[in-house]
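FYI, the numbering for the sequence shown is 288 to 478, going by this note's numbering.
Where a beta carbon is used, it is the ideal one built from N, C-alpha and C, also for glycine.
Computed from a predicted structure; not experimentally measured.
Worksheet: the structure to be examined is printed underneath.
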Amino acid sequence: EATKKMYGIDQKVTRDYGTRCLIARRLVERGVRFVQILCNGQVWDHHGSIKTALPQRCVEVDKPAAALVRDLKERGLLDSTIVHWGGEMGRLPVIQFREGLTKRDKVGRDHNTYGFSQWVAGGGFRRGYIHGQTDEFSHYAVDGIIHHYDWLATILHQFGLDHKKLKFRIGPRDLRLVENDEARVAAELLA
Numbered sequence: 288e289a290t291k292k293m294y295g296i297d298q299k300v301t302r303d304y305g306t307r308c309l310i311a312r313r314l315v316e317r318g319v320r321f322v323q324i325l326c327n328g329q330v331w332d333h334h335g336s337i338k339t340a341l342p343q344r345c346v347e348v349d350k351p352a353a354a355l356v357r358d359l360k361e362r363g364l365l366d367s368t369i370v371h372w373g374g375e376m377g378r379l380p381v382i383q384f385r386e387g388l389t390k391r392d393k394v395g396r397d398h399n400t401y402g403f404s405q406w407v408a409g410g411g412f413r414r415g416y417i418h419g420q421t422d423e424f425s426h427y428a429v430d431g432i433i434h435h436y437d438w439l440a441t442i443l444h445q446f447g448l449d450h451k452k453l454k455f456r457i458g459p460r461d462l463r464l465v466e467n468d469e470a471r472v473a474a475e476l477l478a
């Protein structure tokens with residue numbers, strides 16, 4: 288019961304995501320090497336209704352996500368587990384009216400691939416470290432830029448894989464997961 292409460296499984300608003308996080312922890316305990324936890328639908332795609340939808344999503348996932356990290360740490364699993372919270376893009380730092388929407392409560396934020404945040408815990412990454420900086424409008428990364436391909440190379444490195452050598456075959460072609468030759472392991476993020 289204490290574990291269910293920690294993950295929010297005892298509350299309707301956090302039950303779904305809390306259950307997913309607890310299942311993920313159990314899979315890691317049993318040696319599963321890769322676990323992806325998804326939310327239902329496009330819950331972070333707030334082109335509209337951001338003023339109500341975003342706070343609701345945060346309530347649904349914050350407690351279970353924190354419980355997962357805490358539980359992995361308490362069980363001695365966090366150092367060998369990477370918990371990555373993020374996606375392929377962020378959101379613009381400004382609220383926008385979408386065409387056809389006239390009510391202020393229906394506003395949202397469009398995609399932003401130029402400067403956004405992710406967080407990571409465990410797996411050999413530095414603890415309590417904040418990396419990079421955006422411009423004064425929080426639109427563009429201006430310092431400590433980590434490109435998508437650098438991030439992927441770094442994750443693969445922490446998995447014990449060399450992003451330059453990792454290849455897979457599609458038909459007659461050998462392809463690399465990280466095809467950008469400039470990709471680098473972002474050692475500054477590692478403990």
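Nearest candidate by alpha-carbon position, reference residue i, set the options
{"i": "TYR401", "options": "PHE384, GLY410, MET376, ARG317", "result": "MET376"}
{"i": "LEU379", "options": "LYS451, ARG463, THR421, ILE324", "result": "THR421"}
{"i": "PHE403", "options": "ARG414, GLY419, GLY415", "result": "GLY419"}
{"i": "HIS333", "options": "ARG312, GLY305, LYS393", "result": "LYS393"}
Identity of the residues DSSP links to residue i by a beta bridge
{"i": "ILE369", "result": "GLY409"}
{"i": "ARG463", "result": "LYS454"}
Straight-line gap, residue i to residue j (C-alpha atoms, nearest Å)
{"i": "VAL348", "j": "PRO459", "result": "43 angstroms"}
{"i": "PHE455", "j": "PHE321", "result": "18 angstroms"}
{"i": "ARG302", "j": "PHE412", "result": "29 angstroms"}
{"i": "TRP331", "j": "GLY395", "result": "11 angstroms"}
{"i": "GLN445", "j": "SER425", "result": "29 angstroms"}
6 angstroms Cβ shell around residue i - same chain, five flanking residues per side excluded
{"i": "GLY373", "result": "GLN405"}
{"i": "ALA354", "result": "MET293, TYR294"}
Exposed unless 16 or more other CB atoms sit within 10 angstroms - verdict on residue i
{"i": "GLY409", "result": "buried"}
{"i": "ASP430", "result": "exposed"}
{"i": "THR290", "result": "exposed"}
{"i": "LEU462", "result": "exposed"}
{"i": "ARG312", "result": "buried"}
7 angstroms Cβ shell around residue i - same chain, five flanking residues per side excluded
{"i": "CYS308", "result": "TYR294, ILE324, PRO351, ALA352, ALA354, LEU355"}
{"i": "ASP297", "result": "LYS291"}
Any C-beta of chain D under 8 angstroms from that of residue i
{"i": "VAL429", "result": "Here chain D cannot be found, since the structure has a single protein chain."}
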